[in-house]
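This report refers to the structure that appears directly beneath it.
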Amino acid sequence: MPNRSKFHWYRYLPVWIILCFGVTMSAIAFILVWNWENRRRDYELSRRTEAIASTLQQDLDSDLEAIRTIGDFFSASSNIDASFFQRLVQRPLSQHISIETFMWVPRVTDRQRYDYEANFQEQGNPDFAIQEKNDRGELVYSSEQLEYFPISHIQPIHGNPNILGFNLASKEVYRQGLETARKKKQLIITELVPWEANLTTKLSPGSGRSAAESPNLKALAIQPIYQSDPDNFSDPSDDELQGYIVAVLRIQNLFDDKFRGSMVQNLNVYLCDSSPNSARNIRANFTSVLLSFYEFNYSSIGRLLAGNKCPFLENDHRRYEWLEEEGKEGVRHQIKIADKSWNLYLILTEEYRQIETKHWRSSATLMIGLLWTLIPVTYMVTSMSRTAQIEKLAQERARQAEQLQQAFQQLEIEQKKSERLLLNVLPEPIAQRLKQKPEIIADSFASVTILFADIVGFTKMSTRISAPKLVELLNEIFSAFDELAIRHGLEKIKTIGDAYMVVGGLPVERPDHAEAIAEMALDMQEAIARIDIKHREAFCMRIGIHSGPVVAGVIGTHKFIYDLWGDSVNLASRMESHGIPGCIQVSEATYKLLQDKYIFEKRGSIPLKGRGDMTTYLLLTNKKQIGSSKSKHRISSEFS
6 MPNRSKFHWY
16 RYLPVWIILC
26 FGVTMSAIAF
36 ILVWNWENRR
46 RDYELSRRTE
56 AIASTLQQDL
66 DSDLEAIRTI
76 GDFFSASSNI
86 DASFFQRLVQ
96 RPLSQHISIE
106 TFMWVPRVTD
116 RQRYDYEANF
126 QEQGNPDFAI
136 QEKNDRGELV
146 YSSEQLEYFP
156 ISHIQPIHGN
166 PNILGFNLAS
176 KEVYRQGLET
186 ARKKKQLIIT
196 ELVPWEANLT
206 TKLSPGSGRS
216 AAESPNLKAL
226 AIQPIYQSDP
236 DNFSDPSDDE
246 LQGYIVAVLR
256 IQNLFDDKFR
266 GSMVQNLNVY
276 LCDSSPNSAR
286 NIRANFTSVL
296 LSFYEFNYSS
306 IGRLLAGNKC
316 PFLENDHRRY
326 EWLEEEGKEG
336 VRHQIKIADK
346 SWNLYLILTE
356 EYRQIETKHW
366 RSSATLMIGL
376 LWTLIPVTYM
386 VTSMSRTAQI
396 EKLAQERARQ
406 AEQLQQAFQQ
416 LEIEQKKSER
426 LLLNVLPEPI
436 AQRLKQKPEI
446 IADSFASVTI
456 LFADIVGFTK
466 MSTRISAPKL
476 VELLNEIFSA
486 FDELAIRHGL
496 EKIKTIGDAY
506 MVVGGLPVER
516 PDHAEAIAEM
526 ALDMQEAIAR
536 IDIKHREAFC
546 MRIGIHSGPV
556 VAGVIGTHKF
566 IYDLWGDSVN
576 LASRMESHGI
586 PGCIQVSEAT
596 YKLLQDKYIF
606 EKRGSIPLKG
616 RGDMTTYLLL
626 TNKKQIGSSK
636 SKHRISSEFS
């Protein structure tokens, strides 16, 4: 037991211990309450974000529904003139502030171009033609194409009729949007693309204005229009495409209208495009592209407009940081618009933190915690002294338990080693029976297949090869045979000199024991051929196989092995000893089991000592592999 005199110094420090403990617990409680107050502020911010996002979602869905409705009119009508188009889009343009322009862009093939242009010229536009921009930004007659997508109707036209007839597909940024809508066969929203109603004015690239600031960068809503067929319920084909309803969207108009009041007071709001197919999203330093913003204090406008950056998610929670600034917090809410995924960010300003975050609860918690630090000194000294004694006793018990655990683990390791050695001598079922009840084991098996193999001329070879080299070579051969026995699920019985004995169908009975032995015999010939090539030795094997009943078991008390007894063992040995070098000789009993699946050559009757004449067969190959190169190699090996 520990000596109590070691702890006498605690008697002089009770007040400091109590003070440290009390201050620590009070500080922890203060931090927890402080964090709770911040989470409560974040919860309110999240609710406000959901309300703003819901409003934006409803307004944008309403805009898209108006576009789809106009598209339905075009699908149902075969011809809509400019005056009807003006009346059709007049109300959506007045009610949806984020929609600046509506356009009807029909699909005109090269064969239809002449009639299309002549029709517009007859309607009072004598100079009408399908046009495109040249390298100088001038409108010129469009070059010959398979199909064109000219602007036929546009509202409002902004006093510039030259936009009519402009082939949208002539510009890469517009053509990509048209092809995407055509491929998806549904309304799509493009990324921010250069758009200017006055197409005769050349856009100046590299002006330094961001996507959210520049009035010439807009998102296009493109609705493909197909021929209406009430009897056809399948997806329309590309040939049925009539054209597109194209709407020019300026999201900043919606921001300016919705965020004038107190809904986002003391907050900065950003709308970003985080769609995975956005080409800009592959930039390494941020995850999304700025679409629109509203800033309460204009703290980041310069940096945002210079880099077109949005907040990014560092971890999977609702705290975000700027790429170049730390200490920024906010909430993100995802908005699904057609095929796009937009993120709405509300970022806290210092004004918001000062007004919305009140920490009087955490301050009160700290004061109360400090008051409860006055605990009786004597009780604390006694309690801590006793705790130290118990801890030391527990450490001692833990050390003893660890030593016992290590001893147990070492015992397990030794037991596993013994188990592996035993399984190398005996089959696992036999080993388990011997461990449970040591006694003589003798089991009868009605049908097994036994294989004997012998290396022809191995004794003569031993006269010209050193003993270590001879043992190494024999070990290589028998190790290869052991791998084959494991692969085919067979039981190796023993090796005697250069003879190898293996059996199939015991100690666990199996119906295909003869097939497994046959496959192993064929593989043994291939294995010995490979070793022959490797060592440049003329190895040759006699293999004999017989099927029949045996008795298997373990007898004796020292150096016992698992062995077989019975007339079938003798016959299998005779099949090997009276066999032909390089061939696999099987008895008639084995032949009857394998004749449907393997190819044999009848050897005829041979005299066996004590058995008389017996009919034997030579196993050549498996019928399933009769055409393979492996089978041809086996057959050629048999007759070589």
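If you number the sequence shown the way this note's numbering does, the last residue is 645 and the count never jumps.
We put the CB at the ideal spot given by N, CA and C, even for glycine.
State the Cα-Cα distance for the pair residue i and residue j, rounded to the nearest angstrom.
i	j	result
Ser88	Asn167	18 Å
Ser367	Ile352	24 Å
Asn139	Val145	7 Å
Gln136	Leu69	29 Å
Ser467	Phe413	48 Å
Lys607	Tyr622	4 Å
His583	Gly510	24 Å
Phe457	Ile548	6 Å
Ile227	Glu300	30 Å
Phe90	Ile162	12 Å
Ala134	Arg116	15 Å
Leu416	Glu396	30 Å
Thr626	Ser484	23 Å
Gly312	Val294	Here Gly312 scores only 48 on pLDDT, less than 50, and its place in the model is too uncertain to base an answer on.
Arg391	Gln405	21 Å
Leu586	Val476	For the record, residue 586 in the displayed sequence is Pro; it is not Leu. Pro586 and Val476: Cα-Cα distance of roughly 22 Å.
Ile22	Met385	9 Å
Asn258	Gly182	22 Å
Ser209	Glu143	Legend: pLDDT at Ser209 = 39, less than 50; position of this residue unreliable, no value from coordinates given.
Lys465	Cys588	20 Å
Ile501	Glu481	15 Å
Val251	Ala58	25 Å
Gly615	Tyr505	23 Å
Gly211	Leu37	Residue placement at Gly211 is poorly supported in this model, since its pLDDT is 34, which falls under 50; the coordinates are not used for a value here.
Gln408	Glu401	11 Å
At what residues does the beta strand (DSSP E) containing residue i begin and finish?
i	result
Ser346	345 to 353
Ile446	446 to 460
Thr195	Neither: Thr195 is in no beta strand (DSSP E) and is coded neither H nor E.
Gln228	222 to 231
Ile102	Per DSSP, Ile102 belongs to no beta strand (DSSP E) and is neither H nor E.
Ile599	The displayed chain sequence assigns Leu, not Ile, to residue 599. It is not in any beta strand (DSSP E) - Leu599 instead sits in the alpha helix (DSSP H) that spans 593 to 599.
Ile162	From DSSP, Ile162 is part of no beta strand (DSSP E); its letter is neither H nor E.
Leu569	567 to 570
Taking the alpha carbon of residue i as the point to measure from, which residue in the options has its own alpha carbon closest?
i	options	result
Ile102	Asn84, Asp132, Ile75, Ser67	Ser67
Trp109	Arg116, Phe154, Leu98, Asp120	Phe154
Lys597	Val274, Asp47, Ile550	Ile550
Gly76	Tyr384, Tyr231, Asp278, Arg515	Tyr231
Ser452	Pro473, Gly553, Met525	Gly553
Met30	Gly182, Glu407, Thr378	Thr378
Glu355	Arg118, Asn273, Ser51, His364	Asn273
Lys629	Thr620, Leu599, Ser80	Leu599
Tyr249	His158, Ile501, Pro512	His158
Leu489	Pro229, Ser279, Asp120, Met529	Met529
Cys25	Tyr350, Gly558, Lys614, Leu376	Leu376
Arg541	Gly558, Met619, Leu478	Leu478
Lys223	Pro229, Asp243, Thr195	Thr195
Arg44	Glu361, Pro516, Thr370	Glu361
Is residue i near the ligand FMN - that is, is its Cβ less than 6 Å away from at least one heavy atom of it?
i	result
Lys602	As for the ligand FMN, it is missing from this structure, which has no ligand bound.
Check the C-beta distance from residue i over to residue j and give it rounded, since I have them as a contact under 8 Å.
i	j	result
Ser573	Val555	5 Å
Leu246	Arg112	5 Å
Ala34	Gly374	5 Å
Met546	Val461	7 Å
Ile498	Tyr567	7 Å
Ile340	Gln62	5 Å
Asp503	Asp459	6 Å
At the 7 Å Cβ level, is residue i part of the contact set with chain C, yes or no?
i	result
Arg92	In the structure shown, chain C cannot be found, because there is only a single protein chain.
Please name the residue or residues paired with residue i in a DSSP beta bridge.
i	result
Phe298	Tyr275
Pro612	Asp618
Val110	Tyr249
His338	Leu349
Ser552	Thr454
Arg547	Asp459
Asn172	Pro155
Gln136	Tyr146, Phe171
Arg604	Checking the sequence, you will find Ile at residue 604 rather than Arg. The partner list for Ile604 (beta bridge, DSSP) reads Thr626.
Lys499	Met506
Ile470	Per DSSP, none; premise fails for Ile470.
Ala557	Asp448, Leu569
Taking the alpha helix (DSSP H) that residue i belongs to, which residues open and close that run?
i	result
Asn258	256 to 263
His540	518 to 540
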